[in-house]
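**Student:** Residue numbers (the numbering used here), protein chains in the order written: chain A, 1 to 508; chain C, 1 to 143.
Take this structure first; my questions come after.
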Amino acid sequence: MVLELQKPRPIWQIMFSTHHTDVGLLYLITSLAFMFMGGALALLLRVELFSPGVQLIADSMTYNRIFTVHGTTLIFLFILPSASAFGNYLVPIMVRFKDMAYPKLNAVAFWMIPPAGALIWLGFADFTWYAYPTYSVVSAPGPAADMWIFGLKILGVSSILGSINFVVTIMKCKHPDLPLSKMPLLAWAYLTSSLITLVAVPTFAAALLMLLTDRLGASGFFNPAMGGDPIAYQHLFWFTFHPEVYILVIPAIGFMYEIFPRFSRKPIFSHGSGVAAFTLLTIVGFASWAHHMYATGMSFTEKTVFMVGTLAAVPASAMHTFNFLATMWGGRIKFATPIMWAVGGIALFFSAGAGGVVNSAMPLDFITHDSYWVVGHFHLFVMGTILFGTVGFVYYFFPYVTGRMYSEVLGKVHFILSFVGTVLVFFTQHILGLFGMPRRIYDYPAIPEWVQMNIIISIGAFIIGIGMAIFLWNLIWSSAKGKPADMDDPFGLGGKYYFPYQAKNPSH
Amino acid sequence: MSGHSTWPEWVYVGVVIALLCYVGAEAWNIERIVEHVPEDAEIIKVTGQQWLWTFEHEDGTKEIGELHVEKGKAYKFEITSKDVIHSFNIHDYVVLLDAVPGKINTVWFSPTEAGEFDIQCREYCGLIHYNMRGTLIVEDNGA
Chain A
1 MVLELQKPRP IWQIMFSTHH TDVGLLYLIT SLAFMFMGGA LALLLRVELF
51 SPGVQLIADS MTYNRIFTVH GTTLIFLFIL PSASAFGNYL VPIMVRFKDM
101 AYPKLNAVAF WMIPPAGALI WLGFADFTWY AYPTYSVVSA PGPAADMWIF
151 GLKILGVSSI LGSINFVVTI MKCKHPDLPL SKMPLLAWAY LTSSLITLVA
201 VPTFAAALLM LLTDRLGASG FFNPAMGGDP IAYQHLFWFT FHPEVYILVI
251 PAIGFMYEIF PRFSRKPIFS HGSGVAAFTL LTIVGFASWA HHMYATGMSF
301 TEKTVFMVGT LAAVPASAMH TFNFLATMWG GRIKFATPIM WAVGGIALFF
351 SAGAGGVVNS AMPLDFITHD SYWVVGHFHL FVMGTILFGT VGFVYYFFPY
401 VTGRMYSEVL GKVHFILSFV GTVLVFFTQH ILGLFGMPRR IYDYPAIPEW
451 VQMNIIISIG AFIIGIGMAI FLWNLIWSSA KGKPADMDDP FGLGGKYYFP
501 YQAKNPSH
Chain C
1 MSGHSTWPEW VYVGVVIALL CYVGAEAWNI ERIVEHVPED AEIIKVTGQQ
51 WLWTFEHEDG TKEIGELHVE KGKAYKFEIT SKDVIHSFNI HDYVVLLDAV
101 PGKINTVWFS PTEAGEFDIQ CREYCGLIHY NMRGTLIVED NGA
């Protein structure tokens with residue numbers, strides 16, 4: 001039974017549990033806490049950039065540390081753990097097994113996250129979330145940089161352990177009556193994203209070790225003064241982190257595959273197409289990493305190869321969007337909060353994808369690279385698609401975890417504020433990038449277009465901030481005082497559509 | 001699955017692939033043209049360091065923070081860095097290339113308008129990255 005707040009248990013019972021729903025709950029609470037923390041940092045950045053000159057943050061180093069920790073937190077401490085949270089809850093149920101394959105390993109994977117988060121937050125490094133040498137080797141101040149490296153190292157091991165667990169649970173513990181082809185698409189999302197993790201992440205783990213020994217002066221892999229090559233780090237980094245984009249986005253797409261058919265009261269348009277698109281992304285995601293590096297002085301041939309590899313990933317994403325729309329088409333849609341987030345997520349996913357085609361086209365990349373265009377572009381993915389899918393799923397999941405209903409009105413207000421804010425912030429950032437504003441700058445000259453757009457962006461960010469404050473209130477208040485949910489059909493969809501509650505595993 | 005027809009999805013995916021092929025081919029062709037450096041381009045050596053740009057013309061004259069060029073001539077930048085990675089950017093002329101220590105990257109441009117344009121660093125390089133700026137001054141010598 002997972003209704004923690006209806007049948008209170010001492011907190012240590014949850015903390016030291018290895019049951020998949022308990023570990024899932026720990027993941028969920030931790031990741032949401034880090035989401036609010038990372039988001040608060042973004043608001044600080046937007047106050048500083050509201051207009052030229054010093055606003056709030058006294059010096060550029062503090063600003064640089066804030067955007068580094070903002071990015072690191074939201075990618076590694078919010079998005080990855082939140083995906084693991086729902087995976088822990090749902091994958092064993094979806095493959096009809098009593099728990100994850102390795103329950104203790106599962107708990108270990110979770111408990112690596114808090115110390116890693118502590119290292120990142122106590123260190124507060126400044127070298128951006130990708131820590132490029134030679135800056136990170138010769139110039140970034142320690143011990144913050146070293147603490148960041150250790151934090152990321154721990155998180156890398158944690159996500160490898162988690163992925164092994166998902167893959168084994170799905171491939172080896174799946175009920176014999178359930179063929180892979182009939183497995184729900186969300187379980188497919190965990191299978192494919194875990195496989196990507198297992199192939200991609202070890203590369204970055206190696207690069208981090210090399211970075212650390214370089215910083216200690218024991219080696220010179222990336223230090224030209226010792227005969228190394230800083231560009232090699234970028235290849236290792238992006239070999240992990242371009243596929244990482246798919247590790248992050250695939251579970252969010254999986255959430256949408258749960259939400260759309262249920263709230264449209266209609267089966268998924270094509271299960272096969274969803275599986276094919278996930279599988280395609282898993283493979284093609286590895287063919288595009290160096291599109292982040294056109295401006296490092298790559299040859300024409302290299303750029304061409306990686307442009308083709310990047311464009312090849314687009315049809316698979318387009319198949320998902322088509323599948324969502326075709327599922328809704330002709331359905332009896334109930335516009336409760338979860339599907340509103342999912343629909344908003346598709347719109348922003350489409351916009352982000354269209355912008356991505358622009359980035360990948362070689363000549364256009366030299367206009368957009370390292371400008372605010374890129375900031376807007378990837379935030380449309382991580383916020384517009386992944387956060388929207390995840391938050392929609394948090395609302396969908398809320399009655400299952402707490403046994404209570406969230407406030408539907410506040411949920412919708414949260415959605416509207418977030419959608420308007422996201423469009424204001426990240427669409428404007430695209431245009432600001434075309435006007436040439438570089439990313440990661442603490443202050444900027446008073447060019448009229450830049451000033452106007454920065455004001456719009458900051459206002460949009462504050463709107464998102466208000467929405468998130470409402471979200472926090474809704475989560476806390478409703479889990480304590482919300483009205484008890486009808487657990488068989490909390491959304492009033494007609495009985496048979498609320499999946500998570502129908503099958504549950506006993507505690508052990 | 002439920003017996004409905006799947007041809008709309010095939011048509012849709014086909015249209016997406018056709019659009020992507022067009023974008024890819026066009027990008028390939030344009031990049032091929034813009035990367036072709038004119039033979040009479042003058043070489044300017046650009047060096048980035050924390051946190052300023054230095055320029056050295058073919059005749060040996062050096063400039064710091066400012067770069068004087070003539071309208072209508074072609075210039076080829078040879079870009080490198082003394083310390084960490086920077087990115088040399090003249091946004092108005094779509095000149096953008098990383099300054100990587102231990103490596104020389106080349107890009108060319110030909111100014112078409114006289115006036116002053118911003119030079120900036122577009123790769124994070126530390127404390128004063130935000131103000132690692134310079135000025136491109138294009139002079140019209142009636143050429």
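Backbone N, C-alpha and C define an ideal beta-carbon position, used for all residues, glycine too.
Would C:Gln-49 count as contacting chain A if we go by Cβ distances under 8 Å?
**Tutor:** No, because no Cβ of chain A sits closer than 8 Å to the Cβ of C:Gln-49.
**Student:** Scan the region 110-125 of chain C for residues whose Cβ lies nearer than 8 Å to a Cβ of chain A and list them as they occur along the chain.
**Tutor:** Going along the region 110-125 of chain C in chain order, one finds Asp-118, Gln-120, Cys-121, Arg-122, Glu-123, Tyr-124 and Cys-125 with a Cβ nearer than 8 Å to chain A.
**Student:** On the CB-based measure, 16 or more other CB atoms within 10 Å of its CB, does A:Trp-238 come out buried or exposed?
**Tutor:** Looking at its Cβ environment, which holds 16 or more other Cβ atoms inside 10 Å, A:Trp-238 is buried.
**Student:** Spell out a yes or no on whether the region 97-104 of chain A and the region 167-180 of chain A are touching, meaning 3 or more CB-CB pairs, one atom from each, closer than 8 Å.
**Tutor:** Result yes; three or more Cβ-Cβ pairs closer than 8 Å.
**Student:** Is it right to say A:Asn-454 is buried, meaning 16 or more other beta carbons lie within 10 angstroms of its own, or is it exposed?
**Tutor:** A:Asn-454 is buried by the Cβ-count criterion.
**Student:** Can you confirm whether A:Val-357, when its beta carbon is compared against all beta carbons of chain C, has any partner nearer than 8 Å?
**Tutor:** Interface residue, yes.
**Student:** Helix, strand or coil: which one does DSSP assign to A:Gln-55?
**Tutor:** A:Gln-55 falls in the coil class under three-state DSSP.
**Student:** Taking only beta-carbon positions, decide if A:Thr-301 is within less than 8 Å of chain C.
**Tutor:** Judged by the 8 Å Cβ criterion, A:Thr-301 is not in contact with chain C.
**Student:** Between which two residues does the beta strand (DSSP E) holding C:Lys-71 run?
**Tutor:** Here C:Lys-71 belongs to no beta strand (DSSP E), and DSSP marks it neither H nor E.
**Student:** Does C:Ala-62 come within less than 8 Å of chain A when only Cβ atoms are used?
**Tutor:** Residue 62 of chain C is actually Lys in this sequence, not Ala. Not closer than 8 Å to any Cβ of chain A, the Cβ of C:Lys-62 fails to qualify, so no.
**Student:** In terms of DSSP beta bridges, what is A:Trp-329 paired with?
**Tutor:** In DSSP, A:Trp-329 forms no bridge with anything.
**Student:** I want to know whether the region 429-441 of chain A touches the region 363-381 of chain A - three or more CB-CB distances under 8 Å.
**Tutor:** In short, these stretches touch, since the Cβ pair count reaches three.
**Student:** Whose Cβ in chain C lies nearer than 7 Å to the Cβ of A:Met-307?
**Tutor:** Going along chain C in sequence order, the residues near A:Met-307 (Cβ under 7 Å) are Gly-24 and Ala-27.
**Student:** Ends of the alpha helix (DSSP H) at A:His-271?
**Tutor:** 271-284 is the extent of the alpha helix (DSSP H) around A:His-271.
**Student:** Which of the three DSSP states, helix, strand or coil, is assigned to C:Ile-85?
**Tutor:** The answer is coil: DSSP assigns C:Ile-85 none of H, G, I, E or B.
**Student:** Looking only at its own chain, which residues have a Cβ that is under 6 Å from the Cβ of A:Ala-200, when we skip the five neighbours before and after it?
**Tutor:** Taken in chain order, the residues that qualify are Thr-240 and Pro-243.
**Student:** Once the 5 residues before and after C:Gly-134 are set aside, which same chain residues still bring their CB inside 7 Å of it?
**Tutor:** These residues qualify, in order along the chain: Trp-53, Gly-65, Glu-66, Leu-67 and Ile-119.
**Student:** What residue does the alpha helix (DSSP H) around C:Ile-64 start on, and which one ends it?
**Tutor:** It is not in any alpha helix (DSSP H) - C:Ile-64 instead sits in the beta strand (DSSP E) that spans 62-64.
**Student:** Does A:Arg-96 come out as helix, strand or coil in the three-state DSSP assignment?
**Tutor:** Coil.
**Student:** For A:Ala-42, which residues of its own chain have a beta-carbon under 6 Å away from its beta-carbon, when the five flanking residues on both sides are left out?
**Tutor:** Within the same chain, A:Ala-42 has close Cβ partners His-70.
**Student:** How far does the alpha helix (DSSP H) with A:Gln-234 in it reach, from first residue to last?
**Tutor:** Taken as a continuous stretch (DSSP letters only), the alpha helix (DSSP H) holding A:Gln-234 covers 230-264.
**Student:** Tell me which residue opens and which closes the alpha helix (DSSP H) that A:Glu-449 is part of.
**Tutor:** It spans 448-481 - the alpha helix (DSSP H) in which A:Glu-449 sits, taken as one unbroken run.
**Student:** Any residues in the region 367-384 of chain A with a beta carbon nearer than 8 Å to a beta carbon of chain C? Which ones, in chain order?
**Tutor:** Those would be Ile-367, His-369, Asp-370 and Ser-371, in chain order.
**Student:** Is it right to say A:Val-54 is buried, meaning 16 or more other beta carbons lie within 10 angstroms of its own, or is it exposed?
**Tutor:** A:Val-54 is exposed by the Cβ-count criterion.
**Student:** Mind checking if C:Asn-131 is an interface residue toward chain A, Cβ cutoff 8 Å exclusive?
**Tutor:** So yes, C:Asn-131 belongs to the interface.
**Student:** Spell out the partners DSSP gives A:Lys-104 in its beta bridges.
**Tutor:** Beta-bridge pairing links A:Lys-104 to no other residue.
**Student:** For A:Met-61, return the contacting residues in chain C, with the cut-off set at a CB-CB distance below 8 Å.
**Tutor:** Going along chain C in sequence order, the residues near A:Met-61 (Cβ under 8 Å) are Leu-127.
**Student:** Return the first residue and the last residue of the beta strand (DSSP E) that C:Val-94 is part of.
**Tutor:** Counting along the chain, C:Val-94 falls outside any beta strand (DSSP E), and DSSP gives it neither H nor E.
**Student:** For the putative contact between A:Leu-152 and A:Leu-208, defined by C-beta atoms under 8 Å, what is the C-beta separation to the nearest angstrom?
**Tutor:** Yes, they are in contact, since the Cβ atoms of A:Leu-152 and A:Leu-208 sit about 6 Å apart, within 8 Å.
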